[in-house]
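Enquirer:
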Amino acid sequence: MMGVIAEIAIFPMDKGGSVSEWVAKAVSVIRASGLPHSFGPMGTCVEGEWEAVMRVVDRCYRTLEKDSDRLYMTLKIDARRGGDGRLSQKMASVEDRLA
1 MMGVIAEIAI
11 FPMDKGGSVS
21 EWVAKAVSVI
31 RASGLPHSFG
41 PMGTCVEGEW
51 EAVMRVVDRC
61 YRTLEKDSDR
71 LYMTLKIDAR
81 RGGDGRLSQK
91 MASVEDRLA
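With my numbering applied, the sequence shown covers 1 to 99.
1) For a test of the three-state rule: what should DSSP assign to E35, helix, strand or coil?
2) Indicate the three-state DSSP secondary structure (helix, strand or coil) for E76 in the structure shown.
3) Would you say the beta carbon of T74 is closer than 8 Å to some non-hydrogen atom of the ligand NAP?
4) Are there 16 or more other CB atoms within 10 angstroms of the CB of G48, so buried, or fewer, so exposed?
5) Closest to S20 by CA distance: which of V4, L35, G43 and A32 is it?
6) Opposite L71 in the DSSP bridges: which residues?
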């Protein structure tokens, strides 16, 4: 079975210059999922099995589409066979090389 790390960025394009209110709604959906995640300035990474991660992506979309006429979303996927915890392992591997 492949696990995935997905980086999602989603926001409405019809709400003016500041979209933090809607980004916060999407991040709340991700947090409520219980999946490991890492919030960042340009997107949020979520780790889990394909179906679970895609359910979270869909919930983020459905949540924001209620209040928007136009949404922008990017989705990047890293799928790999192997264990859990790659979200933190990937970061630790780079940090080790920087030390």
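The beta carbon of each residue, even a glycine, is placed where N, CA and C say it ideally should be.
Expert: Taking the geometry as given:
1) Looking up residue 35 in the sequence shown gives position 35. In the sequence on display, residue 35 carries Leu and not Glu. L35 falls in the coil class under three-state DSSP.
2) As a position in the sequence shown, residue 76 is number 76, starting the count at 1. One detail in the question is off: residue 76 reads as Lys in this sequence, not Glu. Strand, per DSSP.
3) With respect to the ligand NAP, the structure shown offers nothing to examine, as it has no ligands at all.
4) Residue 48 sits at position 48 when you count from the first residue of the sequence shown. Burial call: buried.
5) Within the sequence shown, numbered from 1, the residue matching residue 20 stands at position 20. Minimum Cα distance to S20 is reached at G43.
6) Reading the sequence shown from its first residue, position 71 is the one you call residue 71. Its beta-bridge partners are P12.
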